Amino acid sequence: MTACAIEGGTAGAATTADSGPEESGEPEEPVGAEEAAEPERAAAPWADAPRAPGTVTLTADGAYGARLTAAPGAPGEQRAWYPERWTLDGPEPYAVPLPLHQPEEPDTQVVPLADGRVLIRRRVADRQMFSLLYPTGPATGELALGAVECDGMTLLPPSPDGSSVYGLSAGDHSSLLWLVAGGAFGPELVAEIPGHCSGGVWLDRAGRMLALDRQLPGGGPVKAVAVDLERNGEVTPLLQITPSSDDRLLLADADSGLLLIRSDAPGHDRLGWGVLGSCLPVRFPECLRPADVALTPFAVQPGQMLMPESCAVALRIDGAAGSWVGVWRPQGRRLHQLAAPEGWSAGAGYWSRDGVLHLPYANAATPCAVARIEAPDDDGPPPATGGTDGDAGGTEPSAALTPPVVCKPVPLGQAPLHRAAPPD
Numbered sequence: 043m044t045a046c047a048i049e050g051g052t053a054g055a056a057t058t059a060d061s062g063p064e065e066s067g068e069p070e071e072p073v074g075a076e077e078a079a080e081p082e083r084a085a086a087p088w089a090d091a092p093r094a095p096g097t098v099t100l101t102a103d104g105a106y107g108a109r110l111t112a113a114p115g116a117p118g119e120q121r122a123w124y125p126e127r128w129t130l131d132g133p134e135p136y137a138v139p140l141p142l143h144q145p146e147e148p149d150t151q152v153v154p155l156a157d158g159r160v161l162i163r164r165r166v167a168d169r170q171m172f173s174l175l176y177p178t179g180p181a182t183g184e185l186a187l188g189a190v191e192c193d194g195m196t197l198l199p200p201s202p203d204g205s206s207v208y209g210l211s212a213g214d215h216s217s218l219l220w221l222v223a224g225g226a227f228g229p230e231l232v233a234e235i236p237g238h239c240s241g242g243v244w245l246d247r248a249g250r251m252l253a254l255d256r257q258l259p260g261g262g263p264v265k266a267v268a269v270d271l272e273r274n275g276e277v278t279p280l281l282q283i284t285p286s287s288d289d290r291l292l293l294a295d296a297d298s299g300l301l302l303i304r305s306d307a308p309g310h311d312r313l314g315w316g317v318l319g320s321c322l323p324v325r326f327p328e329c330l331r332p333a334d335v336a337l338t339p340f341a342v343q344p345g346q347m348l349m350p351e352s353c354a355v356a357l358r359i360d361g362a363a364g365s366w367v368g369v370w371r372p373q374g375r376r377l378h379q380l381a382a383p384e385g386w387s388a389g390a391g392y393w394s395r396d397g398v399l400h401l402p403y404a405n406a407a408t409p410c411a412v413a414r415i416e417a418p419d420d421d422g423p424p425p426a427t428g429g430t431d432g433d434a435g436g437t438e439p440s441a442a443l444t445p446p447v448v449c450k451p452v453p454l455g456q457a458p459l460h461r462a463a464p465p466d
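Numbering (our numbering), first residue to last: 43 to 466.
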């Protein structure tokens, strides 16, 4: 696996699986540079807040969703949790409840499969129990898959193949990667990875290459690594901006190679973007750093082959007023801020190839629906925010917390992106 070139100031190194570091181009923002005009921003208190049990998890193609939801009840009354499957690829979305003989615990996880079944993970004492749920007329069918003895496990995002689900059991010295659905004989141990792992981003459409954020035993920085599931979990470096920076992979698009990265290499946590296999450095756009909110990318427009700058990226924006939607393109250099539909499952959504963002939601008026938003163009001048519109150093204007304006793409005016040759 060849890593993308990463911008890192004077270090400027890009780590690859089979070669040493190579020098990047002129840095966009020197690592560790002090900002005279603005003090370092502390992380927003809601940035790492856990998702509510009602958040919808989508299959890779957006056809199905699943969530844990609560039965209606009076205010203050203890409510019973049960799984629910959403069908989103038909002419009209609809939800199917999948309750069993007893309510679920709030920490139960559910993941939809491409065939319409739902994987459920329950914790029973020191064991993780797995089953597949499916509707059978008015009842719910359940197929037990087996159990794994461990204190905790997190289900990773659904595999692009639609039939496999992986779970990660992380420890201080090593992390275990399990195939909990899609195997021949129940849960199977795929790999033991040295260090504490978290995250989970798919790098291809075959469900073979998985990126994890890893901290080595004994501490140190967190670095994204690639795990080859067809080579017994072989681990190779994926991201390294500086030797001491935390470099996490948040999102990846298999078609264009676009990567969304969070790193503290600039001196504090910033959102950046790069391209897998590119020789250009990672950039940290100023427009992805609005004040007093936290940004989390959750979907990238597919089908933009070899055109990462044109991909529309959807971001969840969390602030004191709640959660809403951001849309951004690397070439547009603008963060559009859009109101989310009432009852949006914050952080859930997917793009069509023609640039329509689908946002699943449920509220008092409808138990299951999808809002469709066309990606705004990047046409017109940026809002007056006191910033400068891109100079030789590559800085970009800060986004104002105002209603979005419609704009048209602005070329980056830089050399074409070239993919590095894949390793033998």
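Each residue gets a CB set at the ideal place from its N, CA and C atoms; glycine is no exception. Since we're looking at a predicted model, the values are computed, not measured.
Item	Value
Within 8 Å, strictly: CB atoms of LEU221 and SER206	yes
Contacts around ARG159, its chain only, beta-carbon distance under 7 Å, and the 5 residues preceding and following it disregarded	LEU174, LEU175, TYR176
Residues near GLY368 in its chain [Cβ-Cβ closer than 6 Å; skip 5 each side]	LEU357, ILE359, LEU377, GLN379
Residue nearest to GLY262 in terms of C-alpha spacing, selected from HIS238, LEU245, LEU280	HIS238
Short Cβ contact (8 Å threshold) for LEU399 with TRP386	no
Cβ-Cβ distance between LEU318 and LEU301 below 8 Å	yes
Spatial neighbours of GLY228 in its chain, beta-carbon cut-off 7 Å, leaving aside the 5 residues before and after	LEU187, GLY188
Sequence ranges, alpha helix (DSSP H) only - wholly within the stretch 261-305, length at least 4	none
As assigned by DSSP and simplified to three states, the class of CYS329	helix
Exposed unless 16 or more other CB atoms sit within 10 angstroms - verdict on ALA53	For ALA53, the predicted model reports a pLDDT of 32, less than 50, meaning its position is unreliable; a value from the coordinates is still stated below. Result: buried.
Span of the beta strand (DSSP E), counted from its first residue to its last, around ARG169	169-178
Boundaries (first-last residue) of the beta strand (DSSP E) holding ALA312	Here residue 312 is Arg; the residue named in the question, Ala, does not match the sequence. First-last of the beta strand (DSSP E) with ARG312: 312-317.
C-beta atoms of TYR392 and GLY213 nearer than 8 Å	no
Beta-carbon proximity list for CYS410, same chain, < 7 Å, skipping 5 on both sides	TRP128, PRO135, TYR136, ALA137, ALA404
Nonlocal neighbours in the same chain, by C-beta distance under 6 Å from ALA341, ignoring five residues either side	ALA356, GLY391, TYR392, TRP393
GLU134 in three-state terms, based on DSSP	coil
Where SER365 falls: helix, strand or coil (DSSP)	strand
For ALA363, the nearest candidate out of GLU234, VAL412, ALA381 (CA to CA)	ALA381
Cβ of LEU161 within 8 Å of any chain C Cβ	Absent from the structure is chain C; it holds one protein chain and no more.
Secondary structure of SER352, DSSP reduced to three states	helix
Nonlocal neighbours in the same chain, by C-beta distance under 7 Å from LEU231, ignoring five residues either side	LEU218, TRP220
Per-residue DSSP class, three states only, for MET347	coil
Opening and closing residue of the beta strand (DSSP E) in which GLN379 lies	377-380
Supposed close pair ILE235, VAL277 - CB separation, criterion 8 Å	6 Å
C-alpha distance - MET347 paired with PRO372, whole-angstrom precision	15 Å
Where LEU357 sits in the DSSP three-state scheme	strand
Residue range of the unbroken beta strand (DSSP E) whose run includes PHE340	336-342
GLU191 - DSSP class collapsed to helix/strand/coil	strand
Cβ-Cβ separation, ALA253 to THR284 (assumed contact under 8 Å), whole Å	The pair is not a contact, with the Cβ atoms about 19 Å apart (cut-off 8 Å).
Whole-Å CB distance - GLN151 paired with LEU197, under 8 Å assumed	5 Å
Backbone secondary structure at THR408 - three-state DSSP	coil
Limits of the unbroken beta strand (DSSP E) element including ASP255	251-257
Nearest neighbour of VAL190, chosen from MET171, GLY183, GLY204 [CA to CA]	MET171
Outcome for PRO154 when other beta-carbon atoms lying within 10 angstroms are tallied against a minimum of 16	buried
Exposure label - GLU351; buried when at least 16 CB within 10 Å	buried
C-alpha gap between ARG109 and PRO279, whole angstroms	33 Å
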